[in-house]
Every structure is written in structure tokens, then in C-alpha cells.
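For the sequence shown, the UniProt record's numbering begins at 1 and goes up steadily by one.
Just so it is clear, CB atoms sit at the ideal spot from N, CA and C, and this is done for glycine as well.
None of the values given here were measured: they were computed from a predicted structure.
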Amino acid sequence: MSMLVGCGGSSSGSQAPEGPPPYPPQGSTWQWQLLGALNSEYDVFAYDIDLFNTAAETIASLQQQGRFVICYFSAGSYESYREDAGEFLDSELGNTLANFANERWLDTRSSNVRAIMRARMDLAAAKGCDAVEPDNVDGHINNTGFALTRENSINYSQFIAEYARSLGLYVGLKNNVGLAQTLEPYFDFAVNESCFRFNECARLAPFVDAKKAVFHVEYLSVAEVGSGELQRVCAQTEPLGFSTLVLPTALNDAYRFSCSEQ
Numbered sequence: 001m002s003m004l005v006g007c008g009g010s011s012s013g014s015q016a017p018e019g020p021p022p023y024p025p026q027g028s029t030w031q032w033q034l035l036g037a038l039n040s041e042y043d044v045f046a047y048d049i050d051l052f053n054t055a056a057e058t059i060a061s062l063q064q065q066g067r068f069v070i071c072y073f074s075a076g077s078y079e080s081y082r083e084d085a086g087e088f089l090d091s092e093l094g095n096t097l098a099n100f101a102n103e104r105w106l107d108t109r110s111s112n113v114r115a116i117m118r119a120r121m122d123l124a125a126a127k128g129c130d131a132v133e134p135d136n137v138d139g140h141i142n143n144t145g146f147a148l149t150r151e152n153s154i155n156y157s158q159f160i161a162e163y164a165r166s167l168g169l170y171v172g173l174k175n176n177v178g179l180a181q182t183l184e185p186y187f188d189f190a191v192n193e194s195c196f197r198f199n200e201c202a203r204l205a206p207f208v209d210a211k212k213a214v215f216h217v218e219y220l221s222v223a224e225v226g227s228g229e230l231q232r233v234c235a236q237t238e239p240l241g242f243s244t245l246v247l248p249t250a251l252n253d254a255y256r257f258s259c260s261e262q
């Protein structure tokens, strides 16, 4: 999906026109599916899908339906099953991620790691993605096995965002709410997991105040949804303008509940 922004002349002495509004628009509907055969039947603004596992033809088909396509990749972890896994050096692989036995934290200060991430974003552009969702960019608050600092995370996120934008891609800040104030100017939208559960939704105020989309998910069971937990989540996030979904942790489209589509 492309966005055409028209330009016109202005008379001498007039104020410079404001830039285009934030994009994707705040409050946009969306679907997030990373595993399983893609269900493309949801009538939503945006689809967030796996960069490696989704064919360019599928991305083009979604865009022909008017969908804005966000392509997910991990920017801060090694995944043993990815096609470029052999390009990482042993010295760049840190501790295993909690709950993800096939993933290890990366030393994001490494020039080789950054070259691999540039190649991943090149792939996103080549496949026709509209945007990227770089995951695991908050190494400074995790047990990575490396002495990563807050400044390291800021620098790495800025590197990711600037390169994505140089390719004409929109880019979202994944989680990392503690750096939202600093990083909001570099990112076009936010993707957040479980801010309601961890009482962190207010920390995304920089994106809300900038009228940028916050694509938000809570992981609840169907039973929890039936007990009224969905309504409690929506009551907090809808006034903020979040685009809130309740999904299974596998992100496999086993079920889906949306605050805006109830």
C-alpha cells in the first residue's frame, strides 16, 4: 500500500505546510498472525505477518485488498530456524530467551549483526512490505549475556528505524515502553504486547499524544474473555486510541477478539 501526498505552491510569506499526518492512522484495525496458513479474510486496515514465511505474492494479494502490510522479524535475537541463521558469529550469540528455546539474544552492538539486519530489511523492501516490526530491541532490560546499556538499545533502535525509513518502509517500535519517550520521533507506530497485564499502557503516551497508531495485543484464554476480561482490557485501552486485540500466544489465528469489532 502506498500513500500519495500531494504538494502545492504557497504564496510568499505564508507558513510552511505541516507534514503529512502520522501513518498508519491511530485507531486502525489490524490482524496479527505469524504461524499457520494465513487467514486473509479479516476486513482490517493492517496485517502483521512473518517476513520470512510470507511470499511476496501473498503480500501483493493483501495489498490488492487494500491492506497495509507489516512484516515481522526479530532484530535482537538469533532464531536457529531462519534461513540466515548461519551468518551470525558464535561470539554474537548470548543467553536463550525465556520461553523460546530456539532463540538466543544477540549482541546488537556488532557490525555483523547490523549488516544482517540491513539485509533483512532489504528483503522486506524487496518483498513489497509496507512496514516492518523489529522485535526484541530491549536487550538492556533482559538477561542477554551481554553488557547492553540503555544507550546501546537507543542507538540500535535508531539504526533500525533510520535504515527502514531509508528504504521507504514504515517502522514500528516493539514493546520497549521504557524508551517510548526517546524513540517515538524515530518510529511511525508502536506494537505492544501485554501492557494491560503489566500495567504499562500509560507509558505509550508519547505515541498516543503524537496521534500514532498503537497496535496492542493481550494474551487471554477464551475462558478469560468469557469472564469479562476483554471488556476490562477494552475499557482501559479504547480511550487511549489503541488498536487492541486478544489473541493466542501462538499467534496462529486459533481465535481472535477485537475491542473495535465487538
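My guess is that residue i and residue j are in contact by the Cβ rule of under 8 angstroms, so how many angstroms apart are they, rounded?
i           : j           : result
residue 61  : residue 103 : Not confirmed; about 30 angstroms, so no contact.
residue 120 : residue 51  : 7 angstroms
residue 135 : residue 174 : 5 angstroms
residue 127 : residue 56  : 4 angstroms
residue 46  : residue 24  : 6 angstroms
residue 32  : residue 220 : That belief does not hold up - the Cβ atoms of residue 32 and residue 220 are roughly 14 angstroms apart, past 8 angstroms.
Can you tell me which residues form a DSSP beta bridge with residue i?
i           : result
residue 228 : BP columns for residue 228 are empty, so no partner.
residue 66  : DSSP lists no partner for residue 66.
residue 182 : Answer by DSSP bridge pairing: none, since residue 182 is not bridged.
residue 110 : Answer is none; residue 110 lacks a bridge partner.
residue 212 : 25
residue 42  : Residue 42 pairs with nothing; no bridge assigned.
residue 33  : The partner list for residue 33 (beta bridge, DSSP) is empty, contrary to what the question assumes.
residue 49  : 71
residue 174 : 191
residue 243 : 215
residue 156 : The partner list for residue 156 (beta bridge, DSSP) is empty, contrary to what the question assumes.
residue 135 : 74
Can the beta-carbon of residue i be found closer than 8 angstroms to that of residue j?
i           : j           : result
residue 139 : residue 153 : yes
residue 48  : residue 151 : no
residue 236 : residue 198 : no
residue 160 : residue 171 : yes
residue 265 : residue 105 : Not covered by the structure: residue 265. The range shown for the chain is 1 to 262.
residue 69  : residue 130 : yes
residue 84  : residue 94  : no
Let's test the definition: count the other Cβ atoms within 10 Å of the Cβ of residue i and tell me whether it reaches 16, buried, or not, exposed.
i           : result
residue 81  : exposed
residue 54  : buried
residue 189 : buried
residue 231 : exposed
residue 11  : Caution applies to residue 11, whose pLDDT of 36 falls short of 50 and renders its modelled position unreliable; the value that the coordinates give is listed next. Residue 11 is exposed by the Cβ-count criterion.
residue 181 : exposed
residue 249 : exposed
residue 141 : exposed
residue 218 : buried
residue 8   : With a pLDDT of 37 at residue 8, under the threshold of 50, the modelled position of that residue is not reliable, and no figure is offered here.
residue 255 : exposed
| said: Contact between the region 35-43 and the region 88-105 is defined here as three or more beta-carbon pairs at a separation below 8 angstroms; is this criterion met? | reply: no
| message | Taking contact to mean 3 or more Cβ pairs, one atom from each stretch, closer than 8 angstroms, check whether the region 239-251 and the region 202-213 are in contact. | response | yes
| said: Tell me whether the region 80-90 and the region 54-70 touch, counting them as touching only if at least three CB pairs, one residue from each stretch, are closer than 8 angstroms. | reply: no
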